[in-house]
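Notes for the one structure printed next.
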Amino acid sequence: MDCHLSILLLLSCSALGCLGEVSPQPPNEVNLLDSKTIQGELGWISYPSHGWEEISGVDEHYTPIRTYQVCNVMDHSQNNWLRTNWVPRNSAQKIYVELKFTLRDCNSIPLVLGTCKETFNLYYMESDDDHGVKFREHQFTKIDTIAADESFTQMDLGDRILKLNTEIREVGPVNKKGFYLAFQDVGACVALVSVRVYFKKCPFTVKNLAMFPDTVPMDSQSLVEVRGSCVNNSKEEDPPRMYCSTEGEWLVPIGKCSCNAGYEERGFMCQGKISLCFSLSDISYL
553 MDCHLSILLL
563 LSCSALGCLG
573 EVSPQPPNEV
583 NLLDSKTIQG
593 ELGWISYPSH
603 GWEEISGVDE
613 HYTPIRTYQV
623 CNVMDHSQNN
633 WLRTNWVPRN
643 SAQKIYVELK
653 FTLRDCNSIP
663 LVLGTCKETF
673 NLYYMESDDD
683 HGVKFREHQF
693 TKIDTIAADE
703 SFTQMDLGDR
713 ILKLNTEIRE
723 VGPVNKKGFY
733 LAFQDVGACV
743 ALVSVRVYFK
753 KCPFTVKNLA
763 MFPDTVPMDS
773 QSLVEVRGSC
783 VNNSKEEDPP
793 RMYCSTEGEW
803 LVPIGKCSCN
813 AGYEERGFMC
823 QGKISLCFSL
833 SDISYL
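The structure is reproduced here in structure tokens:
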């Protein structure tokens, strides 16, 4: 590695605006892979071996993580690949890939004109089983070329103020039992701080006294119609339905349930009415 990058992961919260609490994950996102939560080494495949390097570091919230970096910017014709382990797709029809990374400004590195790049490429491959350590470039399909909105310079490096970029790409439909992601470096100075892969669902909800289960949307522009079931102690007034969008949002509630006789609606439930009737014999006197 031509440029030592271990300092890349000493990210500045003042520069990244991360002084507040970590935002909770939305309830409509289901993780298939989150490199920041993996204990120990990630163990991804790096080819050739002198390309991507796995290191220990901290993220923007100073949480210990394992990450990958590469910076062979002084050599021509770089072709360094990094492949994740096999990721089961579960019930996902479409997946989202979230990358957080830092990237060095080529103009801030001397003597690299013509060899230094400021992009890297994202690929994927579907498969029904784990291929182990076997890796063949031609089996992967390109998702996109990834560029940084903000790159860092030598001055930023000295001040330990680095810019963390976040890019999200959609992939789908996915049909096989699982998939791999791969990252191709062609001469950039980049550190992959985290890789998260997730799919979206419409989470369980109650609307108009009807329960709607977790529903995974299809990879299309159409909405998925879902029939609701009435909560306890209620009955259908009009058949309850809602539509699950590809973004994991419930839309267009139709129909409803109503509480049975002797019950009343309280929040999302039907509860028995409280009787206030009593006789004079129930009253005790001092």
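Numbering (our numbering), first residue to last: 553 to 838.
Cβ atoms here follow ideal geometry from the backbone N, Cα and C, with glycine treated the same way.
In the structure shown, the three-state DSSP call for C658 is helix. Exclusion of the five residues before and after Q645 leaves G724, P725, V726, F751, V768, P769, M770 and D771 as the residues of its chain whose Cβ lies within less than 8 Å of its Cβ.
Secondary structure of T798 (DSSP, three-state): coil.
The stretch 578-598 and the stretch 627-641 touch, with no fewer than 3 CB-CB distances between them shorter than 8 Å.
P616 and E702 have their alpha carbons spaced roughly 23 Å apart.
With a contact defined as Cβ atoms closer than 8 Å, V622 and N631 miss out at about 11 Å. Unbroken beta strand (DSSP E) runs of no fewer than 3 residues, entirely contained in the stretch 705-766, are found at 717-723, 730-737, 742-752, 757-759 and 762-764, following chain order. Listed in chain order, the non-local C-beta contacts of K669 below 6 Å within the same chain comprise V738, G739 and A740, local neighbours out to five positions each way being set aside. N760 places its beta carbon 8 Å or farther from that of C796. Q823 sits in a strand when the DSSP states are folded into three classes. Distances from the CA of S643 to each of W596, F731, S746 and H683 were compared; the closest alpha carbon is that of F731.
Judged by their CB atoms, D696 and T667 are not nearer to each other than the 8 Å cut-off.
If you draw a straight line from the Cα of M763 to the Cα of V783, it comes to about 6 Å. Annotated three-state conformation of K808 is strand, per DSSP.
A734 sits buried, since 16 or more C-beta atoms from the chains shown fall within 10 Å of its C-beta. With respect to I647, R656 sits apart: the two C-beta atoms are not nearer than 8 Å. Assignment of S703 by DSSP, reduced to helix, strand and coil, places it in the coil class.
In this chain, the beta strand (DSSP E) harbouring R635 covers N632 to R635.
M794 and S679 have their alpha carbons spaced roughly 34 Å apart.
In the three-state reduction of the DSSP assignment, K686 falls in the coil class, being assigned neither a helical nor a strand state. For F672, the enclosing beta strand (DSSP E) begins and ends at T671 to S679. In the structure shown, K787 adopts extended strand secondary structure according to DSSP, grouped into three states. For E605, the enclosing beta strand (DSSP E) starts and ends at E605 to V610. DSSP places Q621 in the uninterrupted beta strand (DSSP E) bounded by P616 to V622. It is roughly 19 Å from the alpha-carbon of F820 to the alpha-carbon of E801.
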